[in-house]
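**Q** One structure, as structure tokens, below. Some questions next.
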């Protein structure tokens, strides 16, 4: 009984993650990026022609955010105004690769302000495959991720999979399970 109740508590955290929990978790984590370019390696001429964003504001503008979008983003998560470009850029590329638009990203930040300050799951490809089989069409997965972006940050093998399996054992599957996650 206790292991199952522990899993139910984990799902409660997944379905209704509080802002307080994520702000403390995000504050405790630092992201690091490393360059794969050697110092002696010559730069591409095409890279020299592309102007790289100076700060997060430039990055969001180049990503298609309007001034109104920027105002919403920075009012919900002021730390993003002074965030470094290096950790933000891969996350934005990843989200746009999932079919998320600029307005979707603004909604995600409004829903979970600390999303860009936290790490995205290590088993990301496996997580995406699992979500695609669970949610079906790409549009349903996109809608779910916009409403609950924290699903991308949870531990897939130790949190999401066991909780989903527990709910399936209880007879909650398909559309009922999707509605719970949305």
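Residue numbers (my numbering): 56 to 237.
Ideal placement from N, C-alpha and C gives every residue a C-beta, glycine not left out.
Assuming residue 229 is part of the alpha helix (DSSP H), what are its boundary residues?
**A** Here the alpha helix (DSSP H) through residue 229 covers 229-236.
**Q** Is the segment 189-198 touching the segment 160-167, taking contact as three or more C-beta pairs under 8 Å?
**A** no
**Q** Can you give the Cα-Cα distance for residue 118 and residue 177, rounded to whole angstroms?
**A** About 24 Å.
**Q** Is residue 157 near the ligand ADP, going by C-beta to nearest heavy atom under 6 Å?
**A** No copy of the ligand ADP occurs in the structure displayed, which carries no ligand at all.
**Q** The alpha helix (DSSP H) that contains residue 163, what's its start and end?
**A** 157-166
**Q** Roughly how many angstroms separate the alpha carbons of residue 169 and residue 187, rounded to a whole number?
**A** Their Cα atoms are separated by approximately 25 Å.
**Q** For residue 202, which residues in the same chain have their Cβ closer than 7 Å to its Cβ, ignoring the five residues on either side in sequence?
**A** 166 and 237
**Q** With 16 other CB atoms within 10 Å as the buried threshold, where does residue 171 fall?
**A** Classification of residue 171: buried, given that the 10 Å Cβ count is 16 or more.
**Q** Following the continuous alpha helix (DSSP H) through residue 211, name the residue where it begins and the one where it ends.
**A** Taken as a continuous stretch (DSSP letters only), residue 211 belongs to no alpha helix (DSSP H), as it is neither H nor E.
**Q** Under a three-way DSSP split, which group does residue 204 fall into?
**A** Helix.
**Q** Need the endpoints of the alpha helix (DSSP H) that residue 108 sits in, please.
**A** Taken as a continuous stretch (DSSP letters only), residue 108 belongs to no alpha helix (DSSP H), as it is neither H nor E.
**Q** How is residue 175 classed by DSSP in three states: helix, strand or coil?
**A** coil
**Q** Using a Cβ-Cβ cut-off of 8 Å (strictly less than) and excluding sequence neighbours within five positions of residue 155, which residues of its own chain qualify?
**A** Non-local beta-carbon contacts of residue 155 in its own chain, meaning distances under 8 Å to residues more than five positions away in sequence, involve 163, 197, 200 and 201 in chain order.
**Q** Give the range of the alpha helix (DSSP H) segment to which residue 130 is assigned.
**A** 122-131
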